[in-house]
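Enquirer: As given, the protein sequences belong to chains G and B, one line each in that order. Last residue of the first sequence? That's 301 in the working numbering, and every number before it is there in order. Last residue of the second sequence? That's 301 in the working numbering, and every number before it is there in order. Using N, Cα and C, we set each Cβ at its ideal position, and we do this for glycine too. These numbers come from a predicted model, not from an experiment. First, the structure itself, so that you have it in front of you.
Protein chains: 2
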Amino acid sequence: MKILLSVPNISEGRNLEVVEQVAEVVRQTPGVKLIDYSSDADHNRSVLTYLGEPEAVLAASKAMARKAFELIDMSRHQGSHPRLGAVDVAPFIPVRNVEVAEAVEISRRFGRFVGELGVPVYYYRESATRPERYDLPVIRKGQYEALPEKLKDLAAWQPDEGPAEFNPTAGAMVTGCRFPLIAFNVNLRTTDLAIAKRIAEGVRFKNGGYRHVQAMGVELKEQGMVQVSMNLTNYVETPLPRVLETVRMEAARHGVPVAGTEIIGSIPLGAVEEIIKHYVQAHDFTLNQILETALLE
Amino acid sequence: MKILLSVPNISEGRNLEVVEQVAEVVRQTPGVKLIDYSSDADHNRSVLTYLGEPEAVLAASKAMARKAFELIDMSRHQGSHPRLGAVDVAPFIPVRNVEVAEAVEISRRFGRFVGELGVPVYYYRESATRPERYDLPVIRKGQYEALPEKLKDLAAWQPDEGPAEFNPTAGAMVTGCRFPLIAFNVNLRTTDLAIAKRIAEGVRFKNGGYRHVQAMGVELKEQGMVQVSMNLTNYVETPLPRVLETVRMEAARHGVPVAGTEIIGSIPLGAVEEIIKHYVQAHDFTLNQILETALLE
């Protein structure tokens, strides 16, 4: 069984009736499981999380986008989170037996569909058509309000799909395949924030660390600890155990032990495989050995 | 979603057409997934592995037993593995969201069904009705051939279900709920078998070690290593990481490192949770955080 995940962000987080209607079309799509949806009134934004076979997830995403464009009017939208459009960003994330190339193809088919609805579409991450469109914040710069101006500068802002024309109610959309991200925090038994910051610099790509690690040092005042707060953006090439043990090694240099860690949100079973192989030293272990995976075939 | 596993052993491992017919009735049971079946000609015995919701697994087991009793004649059976009957032993193993009490109840309903077919039934492990019937080898002592004699000694051998009469074609059956067992081997970078044996004695229940560990030292001649070969019979009360780290600690006393480990066959996701919590120190981690589990709801 192939499993693709999508976590689109839509620009409505106050009128929960609208959010429910969008969630409902996802729920009604055969073969798709809506795991969660949550709204933030301050951001005026909601995130839907659903998964299933790639074709089913694509069908759900099309229905989701159609409904969101019908119900959300960006010309009246206000909220504290940066956004470009009614369906602001729709990432497709390979979870199980899905190659990046296949997820890219799904995102492109979704992009063409949305483009044909008259909405400018930009591809990002693994689906990006040019390097400067890899990162979401770069594409989203100036937000919805800057779209009319940007769409005049076609050399830079020609959409990947859809018309190069401002769509006042839908705005624009970003979509693409991105790798599953693991939000991973390591808590250290010290109150010395400088130690957490130094370790964060040591493990993150920006300062010479691991290629797929973003990290920062954070104070946990109430707990009397500090934290190395990380995003692991590719758990295959930069596995969690290697990062954790590097943090532990650097902390030990200061005589500071690891008090505990937090895995925030979800991880795919693929990341679990690496944890078992590393720590249990079970070199030949495969996920098929986990009994429950038989039900995912 | 509740998941119950059953791995019945039937006394036919040479006539694969018979085995296939028994497997087929399991495969045809709605809601049941036949993961595997394998036959051993020398043992003249086959193991079927299937799982699903408890009621579906019970239905499959009833169909399996009826078919096995129809096709297998114990009065003509020969093989090197100890056995009591055509369906020799049918364990029910709680995998996910199933309490031991519920699996015991399923095994009892299965036992009553088989008893009503005229086959003497003994409950073992968590379903045992008396302490001396806890272990399979004790019940199976003397095998099929001793059944006529044993059934005369009703004080000791009154069946838990079915008639206290010898059934020449079906023999007798053992069933019950047992905890998932993890076959776990730790390879050590030494050729000194005495070290593996000493460590095995240190961790196993028999000699004062962990309650749910069976262990022995084994030579791996070809690899030039020795192995602590273990069965972990309750991964909740005696978790794998604690056992592995104890083996590592004892090996280190002799200056011997762990070269690797082997997890043989299947483990339930519940055992994975303990591995992540222990090694990643992710104290609050739950299995719901694994994306794919959403599809098991």
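Can you find a CB in chain G that lies within less than 8 Å of the CB of Thr133(B)?
Expert: Residue mapping note: residue 133(B) aligns to position 129 of the second sequence, counting from 1. No, Thr133(B) lies away from the interface with chain G (no Cβ there is under 8 Å from its Cβ).
Enquirer: Give a yes or no on whether the C-beta atoms belonging to Arg193(G) and Val260(G) are separated by under 8 Å.
Expert: Locating residue 193(G) in the first sequence gives position 189, where the first residue counts as 1. Locating residue 260(G) in the first sequence gives position 256, where the first residue counts as 1. Taking 8 Å as the Cβ cut-off, Arg193(G) and Val260(G) qualify as a contacting pair.
Enquirer: In whole angstroms, what is the alpha-carbon distance linking Leu9(G) and Val99(G)?
Expert: Counting from one through the first sequence, the residue named residue 9(G) turns up at place 5. Counting from one through the first sequence, the residue named residue 99(G) turns up at place 95. Between Leu9(G) and Val99(G), the C-alpha separation is close to 6 Å.
Enquirer: Touching or not, the segment 68-87 of chain B and the segment 35-42 of chain B, by the rule of three or more beta carbon pairs under 8 Å?
Expert: The segment 68-87 of chain B, when compared against the segment 35-42 of chain B, does not touch it at the 8 Å Cβ threshold.
Enquirer: Beta carbon of Glu149(B): closer than 7 Å to some heavy atom of the ligand GDP?
Expert: The ligand GDP is not part of this structure, which contains no ligands at all.
Enquirer: Please confirm whether Tyr54(G) and Ala63(G) have their CB atoms less than 8 Å apart.
Expert: Within the first sequence, numbered from 1, the residue matching residue 54(G) stands at position 50. Within the first sequence, numbered from 1, the residue matching residue 63(G) stands at position 59. No, these two residues do not count as a Cβ contact at 8 Å.
Enquirer: From Ala45(G) to Phe96(B), what distance separates their C-alpha atoms?
Expert: One-based indexing of the first sequence puts residue 45(G) at position 41. One-based indexing of the second sequence puts residue 96(B) at position 92. Distance between the alpha carbons of Ala45(G) and Phe96(B): 49 Å.
Enquirer: Short of 8 Å in beta carbon distance, which residues of its chain neighbour Leu300(B), apart from the five on each side in sequence? Order them along the chain.
Expert: Here residue 300(B) refers to the residue found at position 296 of the second sequence. Closer than 8 Å at the Cβ level, and outside the excluded window around Leu300(B), lie Met5, Ile7 and Arg100.
Enquirer: Consult DSSP for Val23(B) and reduce its assignment to one of helix, strand or coil.
Expert: What you label residue 23(B) is simply residue 19 of the second sequence in a count that begins at 1. Here Val23(B) sits in helix by DSSP.
Enquirer: In chain B, which residues lie with their C-beta within 8 Å of the C-beta of Lys37(G)?
Expert: Mapped onto the first sequence, residue 37(G) falls at position 33. Simply Ala298, Leu299 and Glu301.
Enquirer: State the DSSP-derived secondary structure class of Ser65(G), mapped to helix, strand or coil.
Expert: As a first step, residue 65(G) is located in the first sequence; it is residue number 61 there, counting from the start. It is helical.
Enquirer: Which residues in chain G have a C-beta closer than 7 Å to the C-beta of Arg100(B)? List them in chain order.
Expert: Residue numbering aside, residue 100(B) sits at position 96 when the second sequence is read from its first letter. Chain G residues near Arg100(B): Glu296.
Enquirer: Along chain G, which residues have their Cβ under 7 Å away from the Cβ of His287(B)?
Expert: Along the second sequence, one-based indexing puts residue 287(B) at 283. Result: Gly264.
Enquirer: Out of curiosity, what's the CA-to-CA distance linking Gly213(B) and Val217(G)?
Expert: Here residue 213(B) refers to the residue found at position 209 when the second sequence is read from its first residue. Here residue 217(G) refers to the residue found at position 213 when the first sequence is read from its first residue. The straight-line gap from Cα to Cα measures roughly 41 Å.
Enquirer: So within the segment 77-134 of chain G, which uninterrupted alpha helix (DSSP H) runs reach at least 4 residues, ignoring any that extend past its ends?
Expert: As far as the segment 77-134 of chain G is concerned, its whole alpha helix (DSSP H) runs of at least 4 residues are 104-120.
Enquirer: Strictly below 8 Å CB to CB, what residues from chain B border Leu2(G)?
Expert: With chain G running from 5 to 301 in the structure shown, residue 2(G) is simply not present.
Enquirer: Less than 8 Å between the beta carbons of Ile80(G) and Gln147(G), yes or no?
Expert: Counting from one through the first sequence, the residue named residue 80(G) turns up at place 76. Counting from one through the first sequence, the residue named residue 147(G) turns up at place 143. Sequence inspection shows Arg at residue 80(G); the Ile mentioned does not correspond to that position. Cβ distance not < 8 Å, so Arg80(G) and Gln147(G) don't count as in contact.
Enquirer: Could you name the residues of the same chain whose beta carbon sits closer than 6 Å to that of Glu103(G), not counting the 5 residues immediately before and after it, in chain order?
Expert: For the purposes of this step, residue 103(G) is identified with residue 99 of the first sequence, where counting begins at 1. Here the set comprises nothing.
Enquirer: So who's on the other strand from Leu197(G), going by DSSP bridges?
Expert: On the first sequence, position 193 is the one that residue 197(G) refers to. None; Leu197(G) has no bridge partner.
Enquirer: Whole angstroms is fine: what's the gap from Ser50(G)'s alpha carbon to Val23(G)'s?
Expert: Here residue 50(G) is taken as the residue at index 46 of the first sequence, counted from 1. Here residue 23(G) is taken as the residue at index 19 of the first sequence, counted from 1. Ser50(G) and Val23(G): Cα-Cα distance of roughly 7 Å.
Enquirer: Taking the beta strand (DSSP E) that Gly274(G) falls in, what are its first and last residues?
Expert: Against the first sequence, residue 274(G) aligns to sequence position 270. Taken as a continuous stretch (DSSP letters only), Gly274(G) belongs to no beta strand (DSSP E), being part of the alpha helix (DSSP H) at Leu273 to Tyr283.
Enquirer: Here's the rule I'm using: 16 or more other beta-carbon atoms within 10 Å means buried, otherwise exposed. How should Ala198(B) be labelled?
Expert: Translated into the one-based positions of the second sequence, residue 198(B) becomes position 194. Exposed: under 16 other Cβ atoms inside 10 Å.
Enquirer: Any idea if Glu16(B) is buried or exposed, counting beta-carbon neighbours within 10 angstroms, 16 or more meaning buried?
Expert: In the second sequence, residue 16(B) corresponds to position 12, counting from 1. Flag for Glu16(B) reads buried.
Enquirer: To which residues of the same chain is Val118(G) closer than 6 Å at the C-beta, ignoring the five residues directly before and after it?
Expert: By one-based count along the first sequence, residue 118(G) stands at place 114. Ala69, Val125 and Met177, listed in sequence order.
Enquirer: If you reduce the DSSP assignment to three classes, tell me which class Glu301(B) lands in.
Expert: For the purposes of this step, residue 301(B) is identified with residue 297 of the second sequence, where counting begins at 1. In the structure shown, Glu301(B) sits in coil (DSSP, three-state: anything other than H, G, I, E or B).
Enquirer: What did DSSP end up calling Ala255(G) once you bin it into helix, strand or coil?
Expert: Stepping through the first sequence from its first residue, residue 255(G) is reached at position 251. Helix, per DSSP.
Enquirer: Closer than 9 Å by beta-carbon distance: list the chain G residues that pair up with Ile305(B), in chain order.
Expert: This structure cannot settle anything about residue 305(B), because the visible part of chain B is limited to 5 through 301.
Enquirer: Anything in chain B within Cβ reach of Val178(G), meaning under 8 Å, just list it in chain order.
Expert: Counting from one through the first sequence, the residue named residue 178(G) turns up at place 174. Within 8 Å Cβ-Cβ: nothing; Val178(G) doesn't reach chain B, min ~22 Å.
Enquirer: Rounded to the nearest angstrom, what separates Arg129(G) and Asp139(G) at their Cα positions?
Expert: Indexing the first sequence from 1 puts residue 129(G) at position 125. Indexing the first sequence from 1 puts residue 139(G) at position 135. Looking at the two C-alpha atoms, the distance is approximately 6 Å.
Enquirer: Since Leu273(G) meets chain B, which of its residues come closer than 8 Å, beta carbon to beta carbon?
Expert: Taking the first sequence and counting its residues from 1, one reaches residue 273(G) at position 269. Under the 8 Å cutoff, chain B gives Ile294, Leu295 and Glu296.
Enquirer: Please report the residue range of the alpha helix (DSSP H) in which Ala174(G) lies.
Expert: Here residue 174(G) refers to the residue found at position 170 when the first sequence is read from its first residue. Where Ala174(G) is concerned, there is no enclosing alpha helix (DSSP H), given that its DSSP letter is neither H nor E.
Enquirer: Go ahead and pull the three-state DSSP assignment for Arg246(G).
Expert: Position 242 of the first sequence holds residue 246(G). Three-state DSSP puts Arg246(G) in a helix.
Enquirer: Which word fits Asp157(B), buried or exposed, when buried means at least 16 other C-beta atoms lie within 10 angstroms of its C-beta?
Expert: By one-based count along the second sequence, residue 157(B) stands at place 153. With fewer than 16 Cβ atoms within 10 Å of its Cβ, Asp157(B) is classed as exposed.
Enquirer: Can you give me the start and stop residues for the alpha helix (DSSP H) that Lys154(G) sits inside?
Expert: The residue you call residue 154(G) lines up with position 150 of the first sequence. Unbroken alpha helix (DSSP H) run through Lys154(G): Leu151 to Lys154.
Enquirer: Considering only C-alpha positions, which residue in the set Ile267(G), Ser131(G), Glu165(G) and Ser233(G) is nearest to Glu205(G)?
Expert: For this step, residue 205(G) is matched to residue 201 along the first sequence. Considering only alpha carbons, the answer is Ser233(G).
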